[in-house]
Amino acid sequence: MSKISVAVDVIIFGGGIAGLWSLARLRQAGYQAVLLEANALGAGQTRYAQGIIHGGTKYALTGKLTASSEAVFNMPNRWKQCLAGNGDVDLRAAIVLSAHQYLWSTQNIASRVTGFFASQVMRSRTQSVDKKNRPALFQHPQFRGQVYKLDEPVLDTMSIVRALAEPMQSAIANYQAQSLVAKDDAIEVELLDGQRVIFKYQTLCLMAGQGNAELLAQLKLTRPEMQLRPLQMVMLRGGLPGMVYAHCMGASVNPRITISSHRDMNGDIVWYLGGQLAEEGVNRSADEQIQFAKKELAALIPWLDLSKSQWATLPINRAELKQGEGKRPDSFSLDDTNPGVLTAWPTKLALAPMLADALLARLEETGVRKSASCELPTFPKPVYATLPWQEASRWN
Ligand SMILES: Cc1cc2nc3c(=O)[nH]c(=O)nc-3n(C[C@H](O)[C@H](O)[C@H](O)COP(=O)(O)OP(=O)(O)OC[C@H]3O[C@@H](n4cnc5c(N)ncnc54)[C@H](O)[C@@H]3O)c2cc1C
224 MSKISVAVDV IIFGGGIAGL WSLARLRQAG YQAVLLEANA LGAGQTRYAQ
274 GIIHGGTKYA LTGKLTASSE AVFNMPNRWK QCLAGNGDVD LRAAIVLSAH
324 QYLWSTQNIA SRVTGFFASQ VMRSRTQSVD KKNRPALFQH PQFRGQVYKL
374 DEPVLDTMSI VRALAEPMQS AIANYQAQSL VAKDDAIEVE LLDGQRVIFK
424 YQTLCLMAGQ GNAELLAQLK LTRPEMQLRP LQMVMLRGGL PGMVYAHCMG
474 ASVNPRITIS SHRDMNGDIV WYLGGQLAEE GVNRSADEQI QFAKKELAAL
524 IPWLDLSKSQ WATLPINRAE LKQGEGKRPD SFSLDDTNPG VLTAWPTKLA
574 LAPMLADALL ARLEETGVRK SASCELPTFP KPVYATLPWQ EASRWN
């Protein structure tokens, strides 16, 4: 098959939230940008995310505004504008699972104290909820804690991926990752349909999550360094009382457990459990992690009968710019160590809009030109990932 040559302004690698959001912003701004995806759109961390558009409350549980909470403060409003069709990107087709994430404290004294501080510090963003307005789960007579409503929507992540990708289809190509050949100012790749394309570019933008490490190696670059912070998430279905979107506050900065709710391939409710449970669970076997999750839910929500539930675990890494002592970065990362190559990690789904702002500013500063036109070849239709709880094999 003959090779096609095409000149673009920016090539984005990776069709997760970071790459897709950035592609939409760059094309709106007039850049000839294309996105190359090695697997399926959303296939990385994005489809595993709980979909909470954090406004910083979770990070303010220590009682002071941390750098993390400052950075995410405006994100819920920005996303809500996009969901309403008035923001930087059009997310009207995305699915809002819940308008609010909730925060609950147990009777335990330490968690009540952090609950108190969270409500003081974050007064404009948290609202204590009286009994009759609580989600059904927390109206049970045995529930003794406090419930706060957070100004943080919860979204179906694959619906965001589709809402962003569908209007941009003609600029998105699935390719064979191993086929990449880096030349001076061009890269050559083989698309899924066997077409070989040589893309000339001004800037490469690596937004491939964990895949950034391999891309840097293919480009013979040694920096920036990436860190992986693993999680072992838990999911359960069957016998659940309804959809729940809530963090349970423990004594630490991280929620003891974070529950989001989704639907499996049969439309049945799935609870997806993260938080400290998932962070600390990486050293447990899958069985041990399930036993631990059962004990946690029995301790926190003792009136639930989960004897008929089916359980599974989902191990997954978070990929970020390397920090001292493997700490969580305070915000997104956009590294410009290598001339002509920007390497980015959003750190949070919620921070994708800020990362795209920074990327646009960086392209302007470095004088990346907006070409008047560029005729792209016809790319094969993009492939989309499946949500993990909708894959039958995960439940075996
Ligand atoms: C369990 C879990 C729960 C989370 N929950 C939340 C939450 O509730 N709220 C929140 O704000 N954040 C959350 N996060 C964080 C959030 O999911 C991530 O920060 C975000 O999805 C990262 O997006 P990304 O686009 O950088 O990477 P990814 O989503 O990992 O996407 C990378 C893409 O690049 C592709 N790729 C890989 N290698 C290559 C290559 N060589 N060439 C081209 N493409 C390649 C992959 O196939 C993938 O499509 C969560 C993360 C995890 C793991």
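The sequence shown maps to residues 224 to 619 in the numbering used here. Idealized CB from N, CA, C, for every residue including glycine. The structure presented is a predicted model; accordingly, all values stated were derived computationally and were not measured.
- Ranked by how close their Cα comes to the Cα of residue 237, the residues 311, 230 and 395 have 395 in first place.
- Residue 592 and residue 378 have their C-alpha atoms roughly 35 Å apart.
- Within the chosen limit of 7 Å, ligand 1 does not reach the beta carbon of residue 566 with any heavy atom.
- Relative to the non-hydrogen atoms of ligand 1, the Cβ of residue 260 comes within a distance shorter than 7 Å of at least one.
- Between ligand 1 and the CB of residue 454, the shortest heavy atom gap is smaller than 7 Å.
- When distances are taken from the beta-carbon of residue 242 to the heavy atoms of ligand 1, the shortest one is below 7 Å.
- One Cα belongs to residue 443, the other to residue 599, and the distance between them is close to 27 Å.
- Taken through DSSP and simplified to helix, strand or coil, residue 416 comes out as coil.
- Only residues of its own chain outside the window of five on either side were considered, and among them 371 and 372 have a CB closer than 7 Å to the CB of residue 350, listed in chain order.
- Excluding its 5 nearest sequence neighbours in each direction, residue 502 has C-beta neighbours in its own chain below 7 Å: 454 and 477, listed in chain order.
- For residue 400, the shortest C-beta to heavy atom distance toward ligand 1 is below 7 Å.
- Annotation for residue 576: the continuous alpha helix (DSSP H) segment containing it runs 575-588.
- A distance of 8 Å or more separates the beta carbons of residue 491 and residue 541.
- In this model, residue 589 and residue 273 are separated by some 35 Å (Cα to Cα).
- The closest CA to that of residue 300, considering only 431, 580 and 276, is found on 276.
- Each residue's CA atom was taken as its position, placing residue 618 and residue 381 some 20 Å apart.
- Nearest to residue 329 by C-alpha distance, out of 297, 319 and 366, is 366.
- Taking 7 Å as the cut-off, the C-beta of residue 437 counts as close to a heavy atom of ligand 1.
- DSSP, reduced to helix, strand and coil, places residue 380 within a helical segment of the structure shown.
- In this structure, residue 416 sits away from residue 605, with a CB-CB distance that is not shorter than 8 Å.
- In the same chain as residue 537, and ignoring 5 residues on each side of it, the C-beta atoms closer than 6 Å to its own belong to 456 and 611, in chain order.
- For residue 483, the secondary structure class from DSSP, reduced to helix, strand or coil, is strand.
- Taken atom to atom, the span from the alpha-carbon of residue 553 to that of residue 482 is near 23 Å.
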